[in-house]
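In my numbering, the protein residues as written are 845 to 957.
Backbone N, C-alpha and C define an ideal beta-carbon position, used for all residues, glycine too.
Presented below is the structure to which this report refers.
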């Protein structure tokens with residue numbers, strides 16, 4: 845999952861670079877397409893960055909657990925429990941956010957009353 849999140853973040857960064865390209869701004873249809881994709885990915889990116897940060901903190905805490913300082917080990921164990929729960933919650937949220945995008949979601953709807 846981490847590799848997929850990193851790929852999505854890289855794609856998002858590329859989108860941002862493309863959107864500030866002056867040549868692209870003249871092509872309104874392509875710019876609109878990129879802007880829609882950018883806004884669709886933004887919530888995923890925020891959760892992905894949070895997920896990666898928590899995963900990094902978990903890895904650091906696991907390193908501390910292999911150390912010799914009992915006080916640090918106790919603190920790391922307490923922190924690790926909370927981080928792992930938070931990571932599971934984020935993973936579930938990301939699974940929902942990463943569901944394939946339905947192209948009909950962007951279309952207009954007519955409601956007859």
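State buried or exposed for residue i, treating a residue as buried only when at least 16 other CB atoms are found within 10 Å of its CB.
{"i": "residue 920", "result": "buried"}
{"i": "residue 934", "result": "buried"}
{"i": "residue 903", "result": "exposed"}
{"i": "residue 849", "result": "buried"}
{"i": "residue 889", "result": "buried"}
Do residue j and residue i have their beta-carbon atoms positioned less than 8 Å apart in this structure?
{"i": "residue 905", "j": "residue 927", "result": "yes"}
{"i": "residue 892", "j": "residue 853", "result": "yes"}
{"i": "residue 875", "j": "residue 868", "result": "yes"}
Inset, instruction - Spell out a yes or no on whether the stretch 906 to 922 and the stretch 931 to 944 are touching, meaning 3 or more CB-CB pairs, one atom from each, closer than 8 Å. - result: Three or more Cβ pairs closer than 8 Å define a contact, and the stretch 906 to 922 falls short of that threshold against the stretch 931 to 944.
Inset, instruction - Entirely within the stretch 861 to 941 and at least 4 residues each: give me those alpha helix (DSSP H) ranges in chain order. - result: If you keep only unbroken alpha helix (DSSP H) runs of at least 4 residues inside the stretch 861 to 941, you get 866 to 869, 872 to 909, 914 to 941.
Legend entry - Three or more C-beta pairs below 8 Å linking the stretch 894 to 901 and the stretch 854 to 861: At 8 Å Cβ cutoff, the stretches do not touch.
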